Amino acid sequence: MPIATASPFRYQGWSLFSLLAALVLLMTGLILVLNPDLTEGVRSAIRATARSSFILFLLAFTASAFAVLVPSPLSRSMVRERRFIGLAFAFSHLVHAVLIYSYGQLNPEFWPGRTTLGNVPGTVGYVFILLLALTSFKSTTRLIGFQAWKRLHVTGMWALAAIFAYSNFKRIPMSAWYVLPFGLICAATALRLVGKLAQATQRRQRPPHAA
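Here the sequence shown is numbered in the working numbering, starting from 587 and rising by one per residue.
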């Protein structure tokens, strides 16, 4: 009999989600408490939650590729926990949205400075995040059917990757720091494509089942 290997993750399932959500809230709370100016504190928390969301998205986006290209207990655990990592990403971005709204209330010049066109990528991103989160449960998967679920999640993940790439790329003239996240999302995209190619190659090389 095969020996079961313990998961490298001490926290799994909803406990992993709860831990990640608590860390996001703790980080946000510390930033707000330690900053003497509330408006600047909210602005700093917006940046921080954007980064936490980005990291969680990268983990969910590349999990299957790592499992194919670098099979290990850790990469297999990432695939098993991908749903909860994705939900933690959605939670982090929910906190991000609340902070943006709060910043708009504290800084009356914020919303008038935004354009409808400039808000399109973020709006599309949040629509996909909401749809992906709502369909991350067995009941909703059964409701829409597996094929529709798969199309939605594949499309949604690629759309979010494109939005992250665009959001970081357009900020490079403002700060060279944005080259790093832009490079990371490009590398993650390449990794996912290579993983899909390797997966397809493995399927073709798999011997047919005996009748």
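Note that the Cβ used here is the ideal one computed from N, Cα and C, for glycine as well. None of these values were measured; they are calculated from a predicted model.
Cα-Cα separation between residue i and residue j, rounded to whole angstroms
i	j	result
V765	M743	21 Å
S722	Y712	15 Å
A734	R789	22 Å
R832	Y752	Residue 832 lies beyond the residue range present for the chain, which begins at 587 and ends at 797; the question has no answer from this structure.
F670	S688	27 Å
I749	R757	13 Å
P767	L777	15 Å
L716	L680	9 Å
V628	Q691	11 Å
V665	P659	10 Å
R792	V706	44 Å
V654	A786	10 Å
E626	C772	31 Å
P694	L602	38 Å
F805	F732	Any answer about residue 805 is impossible in this case: the structure gives the chain only from 587 up to 797.
A532	T702	For the chain, the structure presents residues 587 to 797; residue 532 sits outside this window and is missing.
N621	F652	38 Å
Y597	L605	8 Å
Anticipated Cβ contact below 8 Å, residue i with residue j, distance rounded
i	j	result
A631	I617	5 Å
T635	L685	6 Å
H739	L718	6 Å
A745	F714	5 Å
V610	S638	6 Å
Proximal residues to residue i (C-beta, below 6 Å), its chain only, five neighbours per side dropped
i	result
A774	L644, F647, T648
G672	A646
Neighbourhood of residue i by C-beta distance below 8 Å, restricted to the same chain and skipping five residues each side
i	result
G599	E667, F670
Sequence-distant residues of the same chain with beta carbon closer than 7 Å to residue i, five excluded per side
i	result
I730	T721
A607	A674, F677
- Message: Quick check for students: name the residue ranges of the beta strand (DSSP E) that lie wholly in the region 648 to 698, counting only runs of 3 or more.
- Response: none
- Taking only runs that begin and end inside the region 606 to 631, name each unbroken beta strand (DSSP E) of 3 or more residues, in chain order. none
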